[in-house]
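Here is the structure we will look at.
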Amino acid sequence: MSIFSRNDVEIIRREPGFKGFYRLDVLTLRHRLFNGGWGPELRRELFVRADAVCVLPYDPWEDQVVLIEQIRIGALEKSDRPWLLELVAGLIDKDESPEEVAHREAQEEAGLTLRELLPITRYFPSPGGSDEQVHLYCALVDSRGAGGIHGLLEEGEDIRVSCWSRHDAIDAMQQGLIDNAASIIALQWLTMNAERLQAQAGAQP
10 MSIFSRNDVE IIRREPGFKG FYRLDVLTLR HRLFNGGWGP ELRRELFVRA
60 DAVCVLPYDP WEDQVVLIEQ IRIGALEKSD RPWLLELVAG LIDKDESPEE
110 VAHREAQEEA GLTLRELLPI TRYFPSPGGS DEQVHLYCAL VDSRGAGGIH
160 GLLEEGEDIR VSCWSRHDAI DAMQQGLIDN AASIIALQWL TMNAERLQAQ
210 AGAQP
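In our numbering, the protein residues as written are 10 to 214.
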């Protein structure tokens, strides 16, 4: 655990850099050093983004997961396949709880009703330059009938939903076909917890 806290950082200036769908701030700051004293002034750009919620829908009775696929602009120049296999996900509005976002996005992106929401962890996906924090969940679902094309037309969403056996999804992750952090973390967590979830689920309703 670090010996420092946010009180050991001095923000000298915070200036607007850009504001569109997202926001970029320019910070001038200094911080305490491990060997004592204060470091020099640093100029850093901060990508300001609402916190996100990511959900891995898991059917413990069928032992399969529901994944979504959509184009991602961040992968355009670094992947031959910028349509990524992902979790259900969305950004948190100011008046929403992470749990409310999880249920809303499951309906909008995958047509799913979440039966039970299980927290996995919270983490910073890119703390070197972004303040975003991800709330990561696994959710128990009935996957029978899941699939098709979903998403909100007014938001330009074109989302394909598919069901995968847990083992096939893990294999896809290991082969690099699933290559985003939230999905990898959630699938690794499921690998460790699937048998427990199946035992606790009991008979299929």
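Don't be surprised by glycine CBs; every beta carbon is placed ideally from N, CA and C.
Open item on the list: Out of Arg52, Asn44 and Gly45, which one is the CA nearest neighbour of isoleucine 299?
Closed with: Nothing about residue 299 can be reported from this structure: the residues present for the chain run from 10 to 214 only.
Task: glycine 99 burial status per 10 Å Cβ neighbour count (16 or more: buried) - done: Counting from one through the sequence shown, the residue named residue 99 turns up at place 90. By the C-beta density criterion, glycine 99 is buried, having at least 16 other C-beta atoms within 10 angstroms.
Open item on the list: Quick check on this structure: which residue in Glu54, Asp60, Ser152 and Pro91 has the alpha carbon closest to the alpha carbon of valine 143?
Closed with: What you label residue 143 is simply residue 134 of the sequence shown in a count that begins at 1. Checking every option, the nearest Cα to that of valine 143 belongs to Asp60.
Open item on the list: Residues in the same chain with beta-carbon distance under 8 Å from glutamine 116, minus the five sequence neighbours each way, listed in chain order, please.
Closed with: Here the question's residue 116 lines up with position 107 in the sequence shown. The residues are Thr122.
TODO: Determine the direct distance from the alpha carbon of glycine 45 to that of aspartate 80, and round the result to whole angstroms.
DONE: Your numbering for residue 80 matches position 71 in the sequence shown. Your numbering for residue 45 matches position 36 in the sequence shown. Contrary to the premise, residue 80 reads as isoleucine rather than aspartate in this sequence. Near 47 Å, if we compare the C-alpha coordinates of glycine 45 and isoleucine 80.
Open item on the list: Helix, strand or coil for isoleucine 12? Go by DSSP, reduced to three states.
Closed with: Within the sequence shown, numbered from 1, the residue matching residue 12 stands at position 3. Looking at isoleucine 12 - three-state DSSP - the assignment turns out to be coil, as it is neither helix nor strand.
TODO: Count the CB pairs spanning the segment 59 to 78 and the segment 172 to 188 that are closer than 8 Å, and state whether there are at least three.
DONE: yes
Task: Distance CB(leucine 65)-CB(alanine 210) smaller than 7 Å - done: As a first step, residue 65 is located in the sequence shown; it is residue number 56 there, counting from the start. As a first step, residue 210 is located in the sequence shown; it is residue number 201 there, counting from the start. The Cβ atoms of leucine 65 and alanine 210 do not sit closer than 7 Å to each other.
Open item on the list: I believe glycine 160 touches isoleucine 168 by the beta-carbon criterion, under 8 Å. Please report the beta-carbon distance rounded to the nearest angstrom.
Closed with: Taking the first residue of the sequence shown as 1, we reach residue 160 at position 151. Taking the first residue of the sequence shown as 1, we reach residue 168 at position 159. Right, their Cβ atoms sit about 4 Å apart.
TODO: Could you check which residue in Gly48, Ala203 and Leu186 has the C-alpha nearest to that of leucine 94?
DONE: Your numbering for residue 94 matches position 85 in the sequence shown. It is Leu186 whose Cα lies nearest to the Cα of leucine 94.
Task: Span separating the alpha-carbon of serine 171 from that of glutamate 118 - done: As a first step, residue 171 is located in the sequence shown; it is residue number 162 there, counting from the start. As a first step, residue 118 is located in the sequence shown; it is residue number 109 there, counting from the start. So the two alpha carbons sit approximately 11 Å from each other.
Open item on the list: I'd like the list of long-range same chain contacts for serine 11, defined as Cβ closer than 6 Å, with 5 residues on each side in sequence excluded.
Closed with: If you number the sequence shown from 1, residue 11 lands on position 2. Around serine 11: no qualifying Cβ.
Task: Where valine 174 sits in the DSSP three-state scheme - done: Indexing the sequence shown from 1 puts residue 174 at position 165. Residue 174 is actually serine in this sequence, not valine. DSSP places serine 174 in strand when its eight states are reduced to three.
Open item on the list: Helix, strand or coil, according to DSSP, for valine 110 in the structure here?
Closed with: On the sequence shown, residue 110 is found 101 positions in, with the first residue counted as 1. Helix, per DSSP.
- [ ] Can you tell me which of Asp188, Glu141 and Glu105 puts its alpha carbon nearest to the alpha carbon of lysine 87?
- [x] Taking the sequence shown and counting its residues from 1, the one referred to as residue 87 is at position 78. Ranking Asp188, Glu141 and Glu105 by Cα distance to lysine 87 puts Asp188 first.
Task: Residues near valine 2 by beta carbon distance below 7 Å, same chain, minus five either side - done: Outside the shown range of the chain, which is 10 to 214, sits residue 2, and nothing can be said about it.
Open item on the list: For glutamate 71 and glycine 154, I'd like the C-alpha separation in whole angstroms.
Closed with: Residue numbering aside, residue 71 sits at position 62 when the sequence shown is read from its first letter. Residue numbering aside, residue 154 sits at position 145 when the sequence shown is read from its first letter. So the alpha carbons of these two residues sit roughly 12 Å apart.
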